[in-house]
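Structure first, then comments.
Numbering (the UniProt record's numbering), first residue to last: 1 to 241.
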């Protein structure tokens with residue numbers, strides 16, 4: 001996996017046991033995100049990217065650095081999406097990467113303390129953020145101004161109400177695999193993704209399955225997901241979907 005240094009714009013690839021402790025970032029994508037190749041160019045030229053999304057990179061790095069982390073993983077710039085093989089590997093590994101992080105910083109850019117409701121945040125409506133909530137051992141929620149809102153443990157009752165995910169799973173007292181297939185599907189039912197195929201791909205880690213990425217296959221992606229779940233589970237509640 002590629003990790004970004006929190007003190008300078010260097011991306012470094014780590015494998016297996018060589019992977020250091022790292023923080024990981026969760027957010028909703030905007031129009032001007034900083035990609036892998038843009039970060040590589042920044043490192044080579046020293047020219048700061050003039051993109052709105054770069055402020056998120058800087059703030060995330062600052063937050064992680066202040067907590068003692070040398071490395072951070074950010075989905076926009078730590079995956080070379082020009083490579084279909086690397087993209088497929090990343091999407092199939094993402095649940096494990098979030099699970100392996102020491103902490104996840106979840107940035108709610110549309111939430112301001114005292115002025116908005118947590119449940120109104122777009123973060124709780126996106127497909128990919130479901131696994132980003134469940135997989136990490138610790139999730140720290142950050143408001144628009146980057147101040148801490150709370151953690152998924154301290155906010156467990158409200159988050160359970162918003163998402164439908166049981167507090168015991170949020171607090172890692174109970175393993176996500178203990179929830180029925182139908183229950184896990186229900187958590188994602190009202191969530192949205194930018195691409196149709198991602199409705200299936202964003203759930204692979206939640207069900208412990210792997211699939212090749214075939215963007216352009218449309219609804220077939222969800223059918224392939226169901227078949228993979230059936231292969232790996234005796235839970236007949238899947239047939240409710």
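By construction, the Cβ of each residue, glycine as well, lies at the ideal position given by its N, Cα and C atoms.
For residue 108, the closest C-alpha among the options 95, 124, 99 and 94 is that of 124. DSSP, reduced to helix, strand and coil, places residue 29 outside both helices and strands of the structure shown, so it counts as coil. Runs of the beta strand (DSSP E) spanning 3 or more residues and lying entirely within the segment 129-182 occur at 139-142 and 148-151, in chain order.
Shown here, residue 72 sits in a strand according to DSSP, grouped into three states. Inclusion of residue 104 and residue 33 in the CB contact set at 9 Å is not warranted, their separation being larger than that value. When secondary structure is reduced to three states using DSSP, residue 4 falls in the strand class. Uninterrupted beta strand (DSSP E) stretches at least 3 residues long and entirely within the UniProt domain "Heterokaryon incompatibility" (22-113) occur at 23-26, 71-73 and 103-107, given in chain order. Counting the other Cβ atoms within 10 Å of the Cβ of residue 130 gives 16 or more, which makes it buried. Here residue 17 is exposed: its Cβ has fewer than 16 other Cβ atoms, across all protein chains shown, within 10 Å.
Residue 238 counts as buried, since no fewer than 16 other beta carbons sit within 10 angstroms of its beta carbon. Between the C-alpha atoms of residue 110 and residue 142 there is a straight-line separation of about 10 Å. For residue 192, no alpha helix (DSSP H) run applies, since DSSP gives it neither H nor E. Setting aside the 5 residues that flank it on each side, residue 38 is surrounded in the same chain by 49, each with a C-beta closer than 6 Å to its C-beta; the list follows chain order. Burial of residue 205 is indicated by the presence of at least 16 other C-beta atoms within 10 angstroms of its C-beta. Where residue 206 is concerned, the enclosing alpha helix (DSSP H) starts and stops at 204-207. Residue state for residue 11 is assigned as strand, using DSSP reduced to three classes. DSSP places residue 232 in the uninterrupted alpha helix (DSSP H) bounded by 220-232.
By the criterion of a C-beta distance shorter than 6 Å, residue 80 is surrounded in its chain by 36 and 86, once the five residues flanking it on both sides are discounted. When 21, 55, 22 and 157 are compared, the shortest CA-CA separation from residue 171 is found for 157. Of all alpha-carbon atoms in 102, 235, 55 and 236, the one lying nearest the alpha-carbon of residue 31 is that of 55. Annotation: the continuous alpha helix (DSSP H) that includes residue 201 extends over 198-201. Within the same chain, and ignoring the five residues on either side of residue 99 in sequence, the residues whose Cβ sits closer than 6 Å to its Cβ are 135.
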